[in-house]
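>
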Amino acid sequence: MSSLAESDPEVYEIIELERSRQVNGLELIASENVVSKAVLEAVGSIMTNKYAEGYPGKRYYGGCQYHDMVENLARDRLCKLFGAEHANVQAVSGSQANQAVYFAYMKHNDVMMSQDLSQGGHLSHGSPVNITGKWYSVSHYGVDHETEMLDYASIAEQARKIKPKMIVCGASAYPREIDFKAFQEIAEDVGAYCMADIAHIAGLCATGVHNSPVGVVNFTTSTTHKTLRGPRGGIIMCNDEYAADIDRSVFPGMQGGPLMHVIAGKAVCFQEALQPSFTEYAKQVVKNARAMAETLLDEGFDLVSGGTDNHLILLDLTNIGLTGLEAENLLGDAGITVNKNTIPRETRSPFVTSGLRIGTPAVTSRGMKEDEMKQIALFIARVLKDPENTTMTADVKEEVKGLASGFTLYPDEVC
Ligand code: DSN
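Numbering that gives the first Met the number 0 numbers the first residue of the sequence shown as 0 and each following residue consecutively.
1. For residue 164 and residue 144, what's the separation of their Cα atoms in angstroms?
2. Relative to the ligand DSN, is the shortest distance from any of its heavy atoms to the C-beta of residue 171 smaller than 7 Å?
3. Quick one: using the 10 Å Cβ neighbour count with 16 as the cut-off for buried, is residue 37 buried or exposed?
4. Where does residue 4 land, buried or exposed, given buried means 16+ other C-beta within 10 angstroms?
5. With respect to the beta strand (DSSP E) encompassing residue 139, which residues constitute its N-terminal and C-terminal limits?
6. From what residue to what residue does the alpha helix (DSSP H) around residue 75 run?
7. Could you check whether residue 222 and residue 288 sit closer than 8 Å to each other, using their CB atoms as the reference points?
8. Leaving out five residues on either side along the sequence, give the residues of the same chain with a beta carbon under 6 Å from the beta carbon of residue 414.
9. Within 10 Å of its beta-carbon, does residue 243 have 16 or more other beta-carbons around it, so buried, or fewer, so exposed?
10. What do you reckon, is the C-beta of residue 117 under 7 Å from a heavy atom of the ligand DSN?
11. Quick one: Cα of residue 214 to Cα of residue 151, how far?
12. Where residue 2 and residue 8 are concerned, what is the direct C-alpha to C-alpha distance, given to the nearest angstrom?
13. Would you grab the beta carbon distance between residue 27 and residue 285 for me? Rounded to a whole angstrom, and I think it's under 8 Å.
14. At which residues does the alpha helix (DSSP H) containing residue 287 begin and terminate?
15. When burial is assigned at 16 or more other CB atoms within 10 Å of the CB, is residue 156 buried or exposed?
16. Given a cut-off of 8 Å, decide if residue 233 and residue 69 are closer than it, judged by their beta-carbon atoms.
17. Can residue 96 be considered in contact with the ligand DSN, in the sense that its beta carbon sits closer than 7 Å to one or more heavy atoms?
18. Near residue 352, what residues of its chain come up, given a Cβ to Cβ distance below 8 Å and the 5 sequence neighbours on each side ignored?
Now the structure itself:
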């Protein structure tokens, strides 16, 4: 019997229920993935027992010699993975990483320019409900009304008009490739810093499947748990000239003791991402998103921007007559986990929305390929086109379970 089952059966049971949900269902949340057992082991290790405020070689606590080793390993591996001059691996989340960059180079009320949350951006990019939107003066750019893609000429024009201190690029619901070089040029033209938040596409950038901003823009932030397939956490990369400011801004500026067990997990993740098999994985993530997009288009769905270049698809459900909330619930009943999402020109609240975000990182980690994506897209079409038919939704749930059973999360585990 596991020690958790023995000491706290209530928590153990909840974890087992969640295991069963993950194993028997299909996780299509674009920001989620399935980590390796090695990452799980590192994150669940005794490294959690230690305080290690400071940085390797300069800590505020004794007994950090092994924590120095693991943090150095994580930093070196991350630099190697992205060709970065400097890496900070202590940010506990992507939002903290972003805030640390802002805090290092912007003062209260300085002007920031970033992609609107309702058009694909992120809360921590200056949303009015987030501390970043309250602390800085924010001007958002969106996507072009016709193409639903970024229009770099209009972003450049906006930048020349408002003269921001920092331009933030990167998104959480944008299905197209982002031109990081174009953003850096726009920033340089107006004397601004440029920060790229690659939380969603880090695994694609690390492997050349998407162009990488590292060494191109001034600062690159990311999470480690999305396409990078590591533990939950944040990272920052920059050139050496910014290293001291960035490190100071993370600690002591934003955070206290780093999560050393997570940093151990990050080190494992970066080593995994350096393997050729991870490049194959990243390529398959995009192939899978394209295959799913094609089938959904064939089934009469509208895709924001008409398709995808990365790991996600954004469905505009207007022609289907469902809200994002309704679609999320219906698919949830069928064992398919997705999230409602705003679309460009959204008319509904973020709790309802007119769109649905669908991502392929987690199902690709389970070994699924184009054929399975087509099958999943057909499941989605059946459920969303016949929303009153609960018998059919229950049938799809069984089929989802059948498909999932051929692609275990952890092959050596009976779930
Ligand atoms: N909430 C994450 C996402 O789902 O995209 C980003 O932080």
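The beta carbon of each residue, even a glycine, is placed where N, CA and C say it ideally should be.
Per the coordinate set shown:
1. 26 Å
2. yes
3. exposed
4. exposed
5. 136-140
6. 64-81
7. no
8. Low per-residue confidence applies at residue 414: pLDDT is 46, beneath 50, and the placement is therefore not dependable enough to give any value.
9. exposed
10. no
11. 20 Å
12. 9 Å
13. 15 Å between Cβ atoms; not a contact.
14. 275-297
15. exposed
16. no
17. no
18. 322, 323, 324, 339, 340, 341, 342, 345
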